[in-house]
Amino acid sequence: MTTTPPQQTSIGPSATTNPPPLLIFVLNTPCAGKSTICSALSTLHDLDHFSVGAEMRSLISPQPTGPALAMKPILSDEPFAEVCYGAAFWRGRETEAGWGAGRMVERWPYFKEAVGDWWRPGVGAILVMLSIEREIARRRFERRARTGEEFDRKHDEHEKSIDAIVAAIRQDGATVVELEVDEWMETGELVRRLQEVPA
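500 is the number of the first residue of the sequence shown in this note's numbering; add one for each residue after it.
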């Protein structure tokens, strides 16, 4: 999630910019409630919700929408391939360039470099970790799983990589908060708990 990117207010050496946007990263295992809380926050506050998984699925679909629709015309005809699990779709040349498969901490430096002209971690970054028991997440997953998705595979990949990812983001100065998620927790309660976290 992000606030509106800054715009330059003047031209030349003395140019000034607005404060960098606030980025809120919401991470955890499949069906922990990431999209739910992001959608709620974007409704209550001046935030844009961007789901990497949803955009990648849109990008490979016959009729992409949103950012994926704008991206697709500039890509080559090289086919996409599904790697690792679920919604992790990466083009071959990107994988060869070192992006890797699945959620890997090695991707964090690439991300920082890509957005470095308008955002730096620590200046405006919050990482929200949604903590949920495996079996609760499994039941939630089974109620909404997409065709071909495997819970255990996705959950295990998450468990292998998440600690290193959180450590890297924390080291760069982001504020890290953790919220426990119950099976039937209402969206309003989840948002309330997040808003009560000390700044």
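Quick reminder that beta carbons are idealized off the backbone N, C-alpha and C, glycines included. Computed from a predicted model, the values in this text were never measured in an experiment.
Three-state secondary structure assigned by DSSP to residue i
| i | result |
| --- | --- |
| G599 | The predicted model places G599 with a pLDDT of 42, which falls under 50 and marks its position as unreliable, so this point remains unresolved. |
| E679 | strand |
| E632 | coil |
| G687 | helix |
| L540 | helix |
| V665 | helix |
| E656 | helix |
| R619 | coil |
| Q562 | coil |
According to DSSP, residues forming a beta bridge with residue i
| i | result |
| --- | --- |
| V525 | V627 |
| T535 | None; T535 has no bridge partner. |
| T674 | I625 |
Whole-number beta carbon distance between residue j and residue i, since they are thought to touch under 8 Å
| i | j | result |
| --- | --- | --- |
| E695 | S630 | Not a contact, Cβ separation roughly 16 Å. |
| C530 | A666 | Actually they are not in contact, since the Cβ atoms of C530 and A666 sit about 24 Å apart, beyond 8 Å. |
| H654 | T528 | 5 Å |
| P520 | G672 | With a Cβ gap of about 15 Å, P520 and G672 do not count as contacting. |
Residue closest to residue i, alpha-carbon to alpha-carbon, out of the options
| i | options | result |
| --- | --- | --- |
| M628 | I523, A569 and R619 | I523 |
| I668 | A553, G621 and H548 | G621 |
| E677 | I635, E685, D662 and D671 | D662 |
| T674 | R643, L693 and E688 | L693 |
| P518 | E685, E634 and R619 | R619 |
| W607 | I559, E649 and S660 | S660 |
| Q670 | F650, A553 and L626 | L626 |
Buried versus exposed call for residue i [16 or more other C-beta atoms within 10 Å across all chains shown]
| i | result |
| --- | --- |
| V551 | exposed |
| E688 | exposed |
| I573 | exposed |
| H657 | buried |
| L568 | exposed |
| P561 | exposed |
| A613 | exposed |
| K533 | buried |
| R543 | Checking the sequence, you will find Leu at residue 543 rather than Arg. With fewer than 16 other Cβ atoms within 10 Å, it is exposed. |
| I510 | Unreliable placement is indicated for I510, whose pLDDT of 33 sits below 50; the coordinate value is still reported in the next sentence. Under this definition I510 is an exposed residue. |
| R639 | buried |
Closer than 8 Å to chain D by CB, residue i
| i | result |
| --- | --- |
| A613 | Among the chains in the structure shown there is no chain D, since it carries only a single protein chain. |
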